[in-house]
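Numbering (numbering that gives the first Met the number 0), first residue to last: 0 to 291. The next block holds one structure in the form of structure tokens; read it before the comments.
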Amino acid sequence: MTGFFIPSSIERSKNAKTYFAKRVSRIYPALLAAFVVSLVAVLTFGVHIQKIKVSMGTLVTWIISQVTVFQFYTPSELTLYGVGNPNGSLWTISMELQVYVLLYLIYGWLKRQKISTWAFLIGGGYMINILFSFTKDFLSEFIFKLINVTFLPYLYIYLIGVFVYVHRDKIIPTLKKGFWLIVALYVVWCIINMHIGFSLGHYANIISGSFVCVLTISAGYYFGNHRLQYDFSYSLYLYHMIIINVLAILGITGTWYSMVIVYLFTGVLSALSVFFVEGRGKKAIEKMILKN
0 MTGFFIPSSI ERSKNAKTYF AKRVSRIYPA LLAAFVVSLV AVLTFGVHIQ
50 KIKVSMGTLV TWIISQVTVF QFYTPSELTL YGVGNPNGSL WTISMELQVY
100 VLLYLIYGWL KRQKISTWAF LIGGGYMINI LFSFTKDFLS EFIFKLINVT
150 FLPYLYIYLI GVFVYVHRDK IIPTLKKGFW LIVALYVVWC IINMHIGFSL
200 GHYANIISGS FVCVLTISAG YYFGNHRLQY DFSYSLYLYH MIIINVLAIL
250 GITGTWYSMV IVYLFTGVLS ALSVFFVEGR GKKAIEKMIL KN
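Right, here's the structure in full:
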């Protein structure tokens, strides 16, 4: 969805300053608020309940990483916390920031390319993803993990989104009409893959990964163009693992009510973020950046 939506943001922005002000104001106010909640959870449930020993230096380093662009960093001491990471979802934040910059630099060139060039680029993205899945055995663990948090292994996913956006006038009507066919094909593929165990590709096999990309956009347009006043998707993403970690520490897992608790508290924190943090933070940051 980043590949599909960011080109629109680029086209609506007057210049680079406006574009990056929008991106920073979208990411950081909610992210910083969520980090404060995560920090309180770590100090309360990790240090005091789990009795994890975290040095002041480690804590400061972790704080700096989480409020800048290194959200994928987890000190070894905190791998003992909860399920192994204070907020394991955030490794994609730094990747998103990379893609924001990359797309701004190359989108003007991308949208002028012929279908043959697009086929080459997306095909290259598939090859990078496939080859990367075989590098774990001969790359050092550090290098493998470092590449894993760049956009490179997931390039094909972003390019599919950009391609659909660039050619949306022709592709979207087809995806909209073919929604149920795509759903049926995806279900058939999942059933088949349960038996054959196709796993070619990093993170997700490339066929399933491609299906999810296309199906997500198809579903969005099939069910109509809804203009919701508030967007809870980002804040739900930020908070769900914080709650799951706390429940794991308290031993409240594997039950129906643990799931209800996760949904309930994630929803409440998400709503607080949307109503009291994101809108005001967005305006403040954009004003601060654009006035300079």
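Where is the CB? At the ideal position from N, CA and C, for every residue including glycine.
TODO: List the endpoints of the continuous alpha helix (DSSP H) containing Gln97.
DONE: 90 to 109
Open item on the list: Does the beta-carbon of Leu145, which I'm using as the reference point, lie nearer than 7 Å to any heavy atom of the ligand MN?
Closed with: The ligand MN is not among the ligands present in this structure, which contains no ligands whatsoever.
Task: Separation of Gln65 from Ser217, as counted between CA atoms - done: Computed Cα separation, rounded: 34 Å.
Open item on the list: Using the three-state DSSP reduction, which class does Met0 fall into: helix, strand or coil?
Closed with: coil
TODO: Please say whether Ala29 and Ser234 have beta carbons closer to each other than 8 Å?
DONE: Yes, the Cβ-Cβ distance between Ser234 and Ala29 is below 8 Å.
TODO: Taking only the alpha-carbon atoms, compute the straight-line gap between Met258 and Asn244 and give it to the nearest angstrom.
DONE: 12 Å
- [ ] Ignore the nearest five residues each way along the sequence and tell me which others in Thr134's own chain have a CB closer than 7 Å to its CB.
- [x] Phe143
Open item on the list: Rounded to whole angstroms, what is the Cα-Cα separation between Leu42 and Gly219?
Closed with: 40 Å
Open item on the list: Could you tell me which whole alpha helix (DSSP H) segments of length 4 or greater appear in the region 124 to 196?
Closed with: 140 to 147, 154 to 165, 167 to 176, 178 to 195
Task: Residue from Gly81, Lys169, Val46 with nearest C-alpha to Gly250 - done: Measuring from the Cα of Gly250, the nearest candidate turns out to be Gly81.
- [ ] Look up Phe210 in the DSSP assignment and say whether it is helix, strand or coil.
- [x] helix
TODO: Could you check what DSSP says for Ile243 in three-state terms: helix, strand or coil?
DONE: helix
TODO: Using beta-carbon positions only, say whether Val35 and Val46 come within less than 8 Å of one another.
DONE: no
Open item on the list: Quick check on Ser286: does DSSP put it in helix, strand or coil?
Closed with: The sequence given here has Lys at residue 286, not Ser. Of the three classes helix, strand and coil, the one that applies to Lys286 here is helix, per DSSP.
Task: Inter-stretch contact (C-beta, 8 Å, three-pair minimum) for the region 145 to 154 and the region 173 to 188 - done: no
- [ ] Out of Trp188, Tyr221, Ile284, point me to the one whose CA is closest to Lys175's CA.
- [x] Nearest of Trp188, Tyr221, Ile284 to Lys175, Cα basis: Tyr221.
TODO: To the nearest angstrom, report how far apart Val59 and Met193 are at their CA atoms.
DONE: 45 Å
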